[in-house]
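Notes for the one structure printed next.
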Amino acid sequence: MVEDDPVIRQHLARIFDGAPDLILVGEARSVAEGRELIRQPLDLLVLDLGLEDGSGLTLIAEALKTATPPRILVLTVFGDETSVMSALASGADGYLLKDSAEDDLLDNVRQTLAGGSPISASVAAYLLRHLRTAPPPKLPENSPEPTDEAHLTSRELELLKLLAKGLSNKEVALALEISHYTVGDHIKAIYRKLAVRSRGEAVFEAVHRGLIRQ
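Take 1 as the starting number for the sequence shown in this note's numbering and just add one per residue.
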């Protein structure tokens, strides 16, 4: 993990250390310390973009050149289009804002480790603008094919629209007056029907199909 704010770094360390299936192997506060960190094999690098001695984009590029490139998840306060597109163009696998709830953050970390590309729904609009002017992307060879059952229920569409607005699972549960477990079940069904692996991908696919408007 690379984070220059000591309070946030300690907070994130507590979250990661509290997850039984995750091991935090190192912390850094700068590009220089991050370079030392990526010398060891890592499964996932979680980093901020604004560091005390430079940009996290530098570390993304250098991490991807290592012998065993890690998955890369950006966790930052920068939600502007330039930051988002620059990070993804540099090779980041996911892009989250720091206002993510703890449970959502851990879920997104696990998604990234599993090969997903979680993106905060509140910044997805930038990618949607690019997607509208580009041909539909080809799914990876190991991705499930979209099925005829991709017709979302009215409840799933309602939930997806809330995700597109950037609401967390808990906020969606409150808005729809259902449990967060039920929200999780609906999200899994949406992922399966749209053949996607993350919230951002679900929103993009739904917009492409005209299921929701952004």
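In this text, a Cβ means the ideal position worked out from N, Cα and C, and glycines have one as well. Note that this is a predicted model, so its numbers are computed, not measured.
In the DSSP assignment, the alpha helix (DSSP H) including residue i goes from what residue to what residue?
{"i": "G34", "result": "V31 to L37"}
{"i": "V2", "result": "Premise fails: V2 is in no alpha helix (DSSP H) and is neither H nor E."}
{"i": "R199", "result": "R199 to H208"}
{"i": "L24", "result": "No alpha helix (DSSP H) holds L24; DSSP gives it neither H nor E."}
{"i": "I60", "result": "G56 to A63"}
{"i": "D103", "result": "E102 to L113"}
{"i": "K170", "result": "N169 to L176"}
{"i": "H186", "result": "H180 to L194"}
Sorted by chain position, which residues of the same chain lie with C-beta nearer than 7 Å to residue i's C-beta, five sequence neighbours on each side aside?
{"i": "L12", "result": "M1 and E3"}
{"i": "L139", "result": "Reliability of the predicted coordinates at L139 is poor, the pLDDT of 46 falling under 50, and the value obtained from them is presented with this limitation in mind. Same-chain partners within the cutoff: A195."}
{"i": "D104", "result": "S168 and N169"}
{"i": "L162", "result": "V172 and A175"}
{"i": "A19", "result": "L106"}
{"i": "E27", "result": "M1, R9 and A13"}
Please list, in chain order, all residues of the same chain as residue i whose beta carbon is under 6 Å from its beta carbon, the five residues on each side excluded.
{"i": "I15", "result": "E102"}
{"i": "R197", "result": "G116"}
{"i": "L37", "result": "G26 and A28"}
{"i": "L42", "result": "P70"}
Can you tell me where the beta strand (DSSP E) with residue i in it begins and where it stops?
{"i": "L96", "result": "G94 to L97"}
List the residues that DSSP assigns as beta-bridge partners of residue i.
{"i": "I119", "result": "Y95"}
{"i": "V46", "result": "L73"}
{"i": "A28", "result": "V2"}
Identify, in the order they occur along the chain, each residue of the same chain with its Cβ nearer than 8 Å to the Cβ of residue i, setting aside the five sequence neighbours on each side.
{"i": "E158", "result": "L176"}
> With contact counted as at least three CB pairs below 8 Å, one residue from each stretch, are the region 104-112 and the region 150-157 in contact?
Replying inline: Short answer: they don't touch.
>> Would you call the region 75-82 in contact with the region 45-55, where contact means no fewer than 3 C-beta pairs closer than 8 Å?
In response: yes
> If you pair each beta-carbon of the region 54-63 with each one of the region 87-102, do three or more pairs fall below 8 Å?
Replying inline: yes
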